[in-house]
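*Asks:* One structure is given below, represented as structure tokens, and several questions about it will come after.
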Amino acid sequence: MLSAEYLAVIAGMGVVTYVPRWLPLVFLTRRRLPLWLVEWLDFIPASILSALVVPYLITTGDPRHLDILRPELFVAVPTFAFALVTKSLAGTVVVGMFLFRLAGIYL
Amino acid sequence: MQEEKVNGLSPDRRERWGPVIKDGVIAAWPICLGYAPIGLAFGVIAQKAGLSPLEIGLMSLLVFAGSAQFIGVSMISAGAGFMPIVITTFMVNLRHLLMSSSLAVYLRGINSGCLSLFAYGVTDESFAMNLTRFRDAEWDWRRALVLNHTANGAWIASTVAGGYGGQFIPAGAFGIDYALIAMFLCLLVFQLRGMIYVIIAAIAGVLAVVSALVIPGNSYIVIASTAAATAGLFFRRAGFFKKQERESC
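Chains A and B, in that order, are what the protein sequence lines are. Per the working numbering, the first sequence runs over residues 247 to 353. Per the working numbering, the second sequence runs over residues 1064 to 1312.
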């Protein structure tokens, strides 16, 4: 049974998640962006991906602390190298999964 | 060649949906694969917190944001009220502001209805994948839209499946827990299109780790990436790494 309270909570969560996704798309596609903004946005993907991945590889716990002896990091090195050499997304995903499974068995 | 794609429109606008859907779905597979274990785990946790599969599915449909949903469920089971949950969700998902801004460069000239439909599916994963694809040929907003919604479907399905009894699936099977990280690593490689991007990524990584250690929550993503992008802008304006400037535009 769905309670009105639960529905209100997930609707609220939905709205505040949707608005930051929607606002830039509707506003920034409508006007000419200043050059500095275009250049700045050009750096965002590399920055975000790095900011997403690196802490995952070398920190753990709550509150977070450094831990560099993790299989996540050991596996990331050859996986990253594989991606650099092959530029293959599918291959990288498969290799990463395989190595992580191996690490799970042998480490 | 880059010029043709600035509007995010396919060269032939009357292209039928068949190939578009096929391309979008195929491109979404690493995301779907990566969502499966996370979605199942979420479903199991949500079920343990007392949510039914219907409630779980509705949350995945309305919110569609992995980490925010995990946090939301833990707050709900801890008895938190409406405002704390909504405010926390907002903070956790603020990073999408940056992602949509970045995607906007490729989506000019598309009507607001389509953009609104597209916005729903902007996640860390779809952002990274679509942005990479937009730089390649043969990618347009319709393929990106299909990719978003395929990923969304996989997310809803796997969270609901988890709610029905995902605990029966062995943990760590096939190394599937690593699928998204491997995907991000490869997409990061695609973004390293010159020395300046390598340096910016390194700065973002270091800043992210430092701020993740100091500041609770996940605001480190926004802090590190805006700071690193700003540093990149300064480097470029200061005249460093001139060679790469042509390459990126």
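All C-beta atoms, glycine included, are put in the ideal place defined by N, C-alpha and C.
Work out the CA separation of Asn1211 (chain B) and Lys1085 (chain B) for me, nearest whole Å.
*Replies:* For this step, residue 1085 (chain B) is matched to residue 22 along the second sequence. For this step, residue 1211 (chain B) is matched to residue 148 along the second sequence. Spanning the two alpha carbons is a distance of roughly 13 Å.
*Asks:* For chain A, is any of its Cβ atoms less than 7 Å away from the one on Val1272 (chain B)?
*Replies:* Here residue 1272 (chain B) refers to the residue found at position 209 of the second sequence. True, the Cβ-Cβ gap to chain A drops below 7 Å.
*Asks:* Show which residues of chain A have a CB atom less than 9 Å away from the CB atom of Leu1276 (chain B).
*Replies:* Start at 1 with the first residue of the second sequence, and residue 1276 (chain B) comes out as number 213. Going along chain A in sequence order, the residues near Leu1276 (chain B) (Cβ under 9 Å) are Pro301, Thr305, Pro309, Arg310, His311, Leu312.
*Asks:* Given a threshold of 16 other Cβ atoms within 10 Å of its Cβ, counted over all protein chains shown, does Gly1172 (chain B) qualify as buried or as exposed?
*Replies:* By 1-based counting over the second sequence, the position of residue 1172 (chain B) is 109. Exposed.
*Asks:* Tell whether a beta-carbon distance below 7 Å holds between Val272 (chain A) and Ser1175 (chain B).
*Replies:* Within the first sequence, residue 272 (chain A) is the residue found at index 26, counting from 1. Within the second sequence, residue 1175 (chain B) is the residue found at index 112, counting from 1. Yes, these two residues count as a Cβ contact at 7 Å.
*Asks:* Please report the straight-line C-alpha distance between Phe1127 (chain B) and Trp282 (chain A), rounded to a whole angstrom.
*Replies:* Taking the first residue of the second sequence as 1, we reach residue 1127 (chain B) at position 64. Taking the first residue of the first sequence as 1, we reach residue 282 (chain A) at position 36. Taking the straight line joining both Cα atoms gives about 32 Å.
*Asks:* Specify, as a first and last residue, the run of the alpha helix (DSSP H) that Val1185 (chain B) falls within.
*Replies:* Indexing the second sequence from 1 puts residue 1185 (chain B) at position 122. Counting along the chain, Val1185 (chain B) sits inside no alpha helix (DSSP H), nor does DSSP assign it H or E at all.
*Asks:* Let me see if you follow: with CB-CB separation under 7 Å, is Val339 (chain A) close to chain B or not?
*Replies:* Sequence index remark: in the first sequence, residue 339 (chain A) carries index 93 (1-based). For Val339 (chain A), the answer is yes, since a Cβ of chain B falls inside 7 Å of its Cβ.
*Asks:* Name the residue from B:Leu1243, B:Leu1250, B:Tyr1169, B:Phe1298 whose alpha carbon lies nearest to the alpha carbon of Met1258 (chain B).
*Replies:* The residue you call residue 1258 (chain B) lines up with position 195 of the second sequence. Taking only the C-alpha atoms, the option nearest Met1258 (chain B) is B:Phe1298.
*Asks:* Reducing DSSP to helix, strand and coil, say where Ser249 (chain A) ends up.
*Replies:* As a position in the first sequence, residue 249 (chain A) is number 3, starting the count at 1. Three-state DSSP puts Ser249 (chain A) in coil, outside helix and strand.
*Asks:* DSSP state of Lys333 (chain A), grouped into three classes?
*Replies:* Looking up residue 333 (chain A) in the first sequence gives position 87. Here Lys333 (chain A) sits in coil by DSSP.
*Asks:* Given that Phe320 (chain A) touches chain B, what residues does it touch there, using C-beta distances under 7 Å?
*Replies:* As a first step, residue 320 (chain A) must be located in the first sequence, where it is residue number 74. Per Cβ cutoff of 7 Å: no residues; Phe320 (chain A) is ~11 Å from chain B at best.
*Asks:* Strictly under 7 Å for the Cβ-Cβ distance: is Gln1307 (chain B) near chain A by that measure?
*Replies:* Residue mapping note: residue 1307 (chain B) aligns to position 244 of the second sequence, counting from 1. With a pLDDT of 48 at Gln1307 (chain B), under the threshold of 50, the modelled position of that residue is not reliable, and the figure given next carries that caveat. Taking Cβ atoms only, chain A never reaches closer than 7 Å to Gln1307 (chain B), which makes this a no.
*Asks:* Among B:Leu1250, B:Leu1170, B:Gly1120, which one has its Cα closest to the Cα of Thr1195 (chain B)?
*Replies:* As a working note, residue 1195 (chain B) is residue 132 in the second sequence. Proximity to Thr1195 (chain B) across B:Leu1250, B:Leu1170, B:Gly1120 peaks at B:Leu1250, based on C-alpha coordinates.
*Asks:* Whole angstroms are fine: how far does the CA of Trp1204 (chain B) sit from the CA of Tyr1183 (chain B)?
*Replies:* For the purposes of this step, residue 1183 (chain B) is taken as the residue at position 120 of the second sequence. For the purposes of this step, residue 1204 (chain B) is taken as the residue at position 141 of the second sequence. If you take the alpha carbons of Tyr1183 (chain B) and Trp1204 (chain B), they lie about 13 Å apart.
*Asks:* Interface residues of chain C around Thr1293 (chain B) at Cβ under 9 Å?
*Replies:* Considering every chain present, this structure includes no chain C. Its protein chains are A and B.
*Asks:* Taking only beta-carbon positions, decide if Met1064 (chain B) is within less than 7 Å of chain A.
*Replies:* On the second sequence, position 1 is the one that residue 1064 (chain B) refers to. The predicted position of Met1064 (chain B) is uncertain, since its pLDDT is 36 and thus under 50; a value taken from the coordinates is nonetheless stated next. Not one chain A Cβ lies under 7 Å of Met1064 (chain B).
*Asks:* Over the uninterrupted alpha helix (DSSP H) stretch that includes Arg1299 (chain B), give me the two end residues.
*Replies:* Counting from one through the second sequence, the residue named residue 1299 (chain B) turns up at place 236. For Arg1299 (chain B), the uninterrupted alpha helix (DSSP H) segment begins and ends at 1283-1300.
*Asks:* Taking the Cβ atom as the reference point for each residue, do Ala292 (chain A) and Gln1110 (chain B) lie within a distance shorter than 7 Å?
*Replies:* The count along the first sequence starts at 1 and reaches residue 292 (chain A) at position 46. The count along the second sequence starts at 1 and reaches residue 1110 (chain B) at position 47. No, the Cβ-Cβ distance between Ala292 (chain A) and Gln1110 (chain B) is not below 7 Å.
*Asks:* For chain B, check one thing: does any of its Cβ atoms lie closer than 7 Å to the Cβ of Ile351 (chain A)?
*Replies:* Locating residue 351 (chain A) in the first sequence gives position 105, where the first residue counts as 1. No, Ile351 (chain A) does not count as interfacial toward chain B.
*Asks:* Residues of chain A with CB closer than 7 Å to the CB of Pro1034 (chain B), please, in chain order.
*Replies:* A query on residue 1034 (chain B) cannot be resolved here, the shown segment of chain B reaching from 1064 to 1312 and no further.
*Asks:* Quick one: Cα of Ser1179 (chain B) to Cα of Trp268 (chain A), how far?
*Replies:* Position 116 of the second sequence, counting from 1, holds the residue named residue 1179 (chain B). Position 22 of the first sequence, counting from 1, holds the residue named residue 268 (chain A). So the two alpha carbons sit approximately 6 Å from each other.
*Asks:* Based on the DSSP secondary-structure assignment, which residues constitute the bridge partners of Leu312 (chain A)?
*Replies:* The residue labelled residue 312 (chain A) in the question sits at position 66 within the first sequence. DSSP, once it has assigned bridges, lists A:Thr305 as partnering Leu312 (chain A).
*Asks:* Mapping DSSP to helix, strand and coil, what is Leu348 (chain A)?
*Replies:* The residue you call residue 348 (chain A) lines up with position 102 of the first sequence. Helix at Leu348 (chain A).
*Asks:* From what residue to what residue does the alpha helix (DSSP H) around Asp1118 (chain B) run?
*Replies:* Working through the second sequence from its first residue, we reach residue 1118 (chain B) at position 55. Here residue 1118 (chain B) is Glu; the residue named in the question, Asp, does not match the sequence. Its alpha helix (DSSP H) spans residues 1116-1125.
*Asks:* If you check the beta carbons only, do Ile1094 (chain B) and Val1223 (chain B) fall under 7 Å apart?
*Replies:* Working through the second sequence from its first residue, we reach residue 1094 (chain B) at position 31. Working through the second sequence from its first residue, we reach residue 1223 (chain B) at position 160. No. Outside cutoff.
*Asks:* Pull out every residue of the segment 1185-1210 of chain B whose Cβ sits closer than 9 Å to any Cβ of chain A, in chain order.
*Replies:* Val1185, Thr1186, Asp1187, Phe1190, Ala1191, Met1192, Leu1194, Thr1195
*Asks:* Contact criterion: CB-CB distance below 7 Å. Does Arg316 (chain A) meet it with respect to chain B?
*Replies:* Numbered from its first residue, the first sequence carries residue 316 (chain A) at position 70. No, its Cβ sits nowhere closer than 7 Å to a Cβ of chain B.
*Asks:* Can you pull the chain A neighbours of Ala1182 (chain B), defined as C-beta to C-beta under 8 Å?
*Replies:* Stepping through the second sequence from its first residue, residue 1182 (chain B) is reached at position 119. What Ala1182 (chain B) touches in chain A: Tyr264, Arg267, Trp268, Leu271, Val272.
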